[in-house]
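Comments concern the structure below.
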Amino acid sequence: RFNQLPSIQQPGVPFPHFVRKGPRSEEFVIDEVLDRLTQEATSFISKSASCDQPYFLYMPLTGPHKPTQPEDRFRGTTDLGEYGDFVTQVDWTVGEVLKAIEATGEADNTMVIYTSDNGSYMYRYDDLDREDHVDKETIQGFRADRHRANGPWRGTKADIFEAGHHVPFFIRWPGKVESGSIQAGTVVLTDVFATLAEIVGYEISENEAEDSVSVTRMLDGSCATRGVPVVHHSVGGMFAIRDGRWKLILGDGSGGREQPRGRPFQEPYQLYDMVDDPTESNNLIEDHPEIASRLARQMEKFRTEARSVPY
């Protein structure tokens, strides 16, 4: 909520700290935001757990996204610089939320989801002689031998490639999800809607959650897939459809930051076998035109019907 009108013109601060210029209120102090979110969240949990009805808390963290500005008590707690200290603060924040849930006595009756909406902005440099972020903090990339912000995946945040979208999706649900279990099937964040609706017994109407699938059977291990192909797109509107091992990119580039960016729905399309080739190194569009055609037709059906999940 807003308690004050903007009265300060915040100057822009360059990468790696990175603050956009623009108006802000005097009470909005950047390095206090995570602490304020933690206070509000833990208070809400304490109050809501005493009610008879289920509660839902959506807590989008401001870190470790930009601006990279940890609170003073976390500065110098790692030897990994300001960003490492900020990641430590995020870990502490999550820990405080989990402790608040434990304190209610309802931890065994509470589902916790921890995930991200995209991959890292940092480039990966395979040239091991290249100067990178370790050498100069203003460089937006790491040498692969020093750090892989997006693991093995191709591209960065904003691209249609896996590094833009392939993120962890952690769930803690005692008695329902086995601790330490791993489910390799692909899900999307929209699936949270239908999943929670099923759990609390809410009936989804025809004009709701048109791209959401309940994945409760994936969580308990009784099903390996969500049963519906996954659709996602890049910052530049480049679409991809994923069905099992196959991923079709409906365009001729990254659709984002990697070169060539290409254009949406511009052929030749890209087809990758995500089981044998998870790094999207070998375009099989010419070897399997029938698979590409099938996925393209499926994508067009979704576009025409304006939904991917049957009602």
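Residue numbers for the sequence shown follow my numbering, beginning at 2 and rising by one. Ideal placement from N, C-alpha and C gives every residue a C-beta, glycine not left out.
Curious, which full-length beta strand (DSSP E) runs of at least 3 residues does the region 146-175 contain? 170-173
Confirm, please, whether the CB-CB distance from Asp-118 to Leu-35 is below 8 Å. no
For the structure I just gave you, are there three or more beta carbon pairs, one from the region 10-30 and one from the region 58-70, closer than 8 Å? yes
Near Val-201, what residues of its chain come up, given a Cβ to Cβ distance below 7 Å and the 5 sequence neighbours on each side ignored? Pro-55
Would you decide whether Ser-309 is buried or exposed? Buried here means 16 or more other CB atoms lie within 10 Å of its CB. buried
In this structure, does DSSP put Leu-81 in helix, strand or coil? coil
Using DSSP's beta-bridge definition, name the partner residues of Leu-251. Phe-240
Nearest candidate by alpha-carbon position, reference Val-95, set Ala-241, Val-113 and Gly-237: Val-113
Relative to the C-alpha of Pro-228, which candidate in Asp-221, Ile-250, Gly-186 and Leu-99 has its C-alpha closest? At residue 228 the sequence reads Gly, which differs from the Pro that was named. Cα-wise, what sits closest to Gly-228 is Gly-186.
Please classify Gly-106 as buried or exposed, where buried requires at least 16 neighbouring CB atoms within 10 angstroms. exposed
Would you mind reading off the limits of the alpha helix (DSSP H) that contains Ile-200? 192-201
Assuming Arg-258 and Thr-157 form a contact by the criterion Cβ under 8 Å, report the distance between their Cβ atoms to the nearest whole angstrom. 5 Å
Kindly indicate which residue of Lys-48, Ser-47, Asp-53 and Pro-71 has the alpha-carbon position closest to the one of Val-30. Pro-71
Between Tyr-270, Arg-125 and Thr-78, which lies nearest to Glu-287 when the distance is taken from Cα to Cα? Tyr-270
Is DSSP giving Ile-292 helix, strand or coil here? helix
Here's a check: name, in chain order, each residue in its chain whose Cβ is nearer than 8 Å to the Cβ of Ser-121, leaving out the five neighbours to either side. Ala-150, Asn-151, Thr-157, Lys-158 and Ala-164
Between which two residues does the alpha helix (DSSP H) harbouring Ala-217 extend? Correcting the residue identity first, residue 217 is Thr in this sequence and not Ala. Looking at the DSSP string, the run of the alpha helix (DSSP H) that includes Thr-217 is 217-220.
Around the C-beta of Ile-161, are 16 or more other C-beta atoms found within 10 angstroms, so that it is buried, or is it exposed? buried
Reduced DSSP category for Thr-305 - H, G, I as helix; E, B as strand; rest coil: helix
Counting only the same chain and skipping the five closest in sequence on each side, list residues whose C-beta sits under 6 Å from that of Gly-256. Ile-161, Ser-235, Gly-237 and Met-239
Given this structure, state the Cα-to-Cα distance separating Val-214 from Ile-102, to the nearest angstrom. 27 Å
Is the beta carbon of Val-276 sitting closer than 8 Å to the one on Arg-246? yes
Assuming Leu-272 is part of the alpha helix (DSSP H), what are its boundary residues? It is not in any alpha helix (DSSP H) - Leu-272 instead sits in the beta strand (DSSP E) that spans 271-274.
Can you tell me whether Thr-39 is buried or exposed? The criterion is at least 16 other CB atoms within 10 Å of its CB, across all chains shown. buried
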